[in-house]
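These notes are about the structure you will find just below.
What follows is the structure in structure tokens.
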């Protein structure tokens, strides 16, 4: 086993158990939990057997295993950005709803005073 | 404020979204307040005395605690106007671009042409002196809208509009920033509202140009609009 494997594999094992524990305590939804666990297992598998990663890369028409990892990482990053963008937009619209509610409430109080 | 409204004269609410407009707002508000039932200024998180200035000039002020954008402010104003029994909701820009006398034209058009919505257009005649770059951007935006929503208007990005209550109830602005103009047009089509365009004059002053959108903002606006259409 290489030094790299000695460092990363236990780390991935820890991440995997943290994820599993969070899922068991329902801190993490079933979908995200599955996605994270698959990611940890795939990472561990490709670190433990780099040759297998090269075979997968070849099948996909990418020469090197490292390139495959790079491309996938970038892809996931963009997907992540997009998910964050959508969530941010939802958050913004919630803020607007609250601000609007406060504005209308305050004006209702003001105009009620006016009539007295 | 007209208090002797009969059953036949509709209650007209003019709503003005404003962000740091204390210097131009008072004359505008008092002029409109003299003619229509209510002037509603939505102070969109201004840091100056916009709210106080508007109130003194005779407006009802709705205050957004933080800036949420013109679309958000319009929706707030529309909701409040509907709650207070408006029959017609007029939207009006705070920066002095619109002429108060054009409001009457929109209201007449609603009546005479039995329309649900009347929208001002600066391109129906040659009275508005639109700067060349702004003209190019607006015309591109109109083509873009024709492409995306199939509605053909000559000037869809005009802040001066009049909506009958039934129309205002159906329209729900979700785009908080500037893309709401296209969103409103989309919803007009979606709800099959009868829309009429009315020639109005848009005045470009140094102030309005400084306060208005940069022409480059068109990209941001198109992005906001498309994302809303594609992703809920």
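Chains as they are written, first to last, in my numbering: chain Y, 20 to 135; chain B, 5 to 236.
All C-beta atoms, glycine included, are put in the ideal place defined by N, C-alpha and C.
Query	Result
Neighbour flag for residue 115/Y against chain B, beta carbons, 8 Å	yes
At least 3 beta-carbon pairs within less than 8 Å: the stretch 25–32 of chain Y vs the stretch 66–84 of chain Y	yes
Beta-carbon proximity list for residue 106/B, same chain, < 8 Å, skipping 5 on both sides	124, 164, 202, 204, 205
Cutoff 6 Å; reference residue 57/B; Cβ partners in own chain excluding five residues on either side	26, 29, 30
DSSP state of residue 120/Y mapped onto helix, strand, coil	helix
Ordered list of alpha helix (DSSP H) runs contained in the stretch 43–93 of chain Y, each at least 4 residues	49–67, 69–78
Delimiting residues of the beta strand (DSSP E) encompassing residue 201/B	199–203
C-beta contact flag for residue 114/B and residue 95/B at 8 Å	no
The stretch 83–96 of chain Y / the stretch 30–47 of chain B touching (three or more Cβ pairs under 8 Å)	no
Cross-strand partners of residue 125/B (DSSP beta bridge)	203/B
Partners in chain D for residue 76/B, counting only beta-carbon separations shorter than 8 Å	Judged by its chain identifiers, the structure shown contains no chain D, and its protein chains are Y and B.
Proximal chain Y residues relative to residue 204/B, where beta-carbon distance stays under 7 Å	What residue 204/B touches in chain Y: nothing, since even the nearest Cβ is about 28 Å away.
CB contact check: residue 84/B to chain Y, cutoff 8 Å	yes
Residue 126/Y: contacting residues in chain B (beta-carbon distance under 8 Å)	64, 65, 66, 67, 84
Option nearest residue 231/B by Cα separation, candidates 219/B, 187/B, 191/B, 145/B	187/B
Short CB-CB distance (under 8 Å) between residue 146/Y and chain B	No information on residue 146/Y is available, as it lies outside the stretch 20 to 135 that chain Y covers here.
C-alpha gap between residue 112/B and residue 17/B, whole angstroms	15 Å
Per-residue DSSP class, three states only, for residue 21/Y	coil
Cβ separation of residue 48/B and residue 22/B, assumed to be a contact under 8 Å, to the nearest whole Å	7 Å
Any C-beta of chain B under 8 Å from that of residue 122/Y	yes
Endpoints, the alpha helix (DSSP H) within which residue 66/B is located	Per DSSP, residue 66/B belongs to no alpha helix (DSSP H); it is in the beta strand (DSSP E), 64–68.
Within 7 Å of chain B by C-beta, residues of the stretch 86–110 of chain Y in sequence order	105
Cβ neighbours of residue 193/B in the same chain (closer than 8 Å, five flanking residues each side left out)	153, 154, 155
Within-8 Å CB hit, residue 180/B to chain Y	yes
Residue-level contact to chain Y via CB, residue 72/B, 8 Å cutoff	yes
Proximal chain Y residues relative to residue 217/B, where beta-carbon distance stays under 9 Å	Residues of chain Y passing the Cβ test: none, with the nearest at roughly 19 Å.
Contact with chain Y by residue 101/B, beta-carbon distance below 8 Å	no
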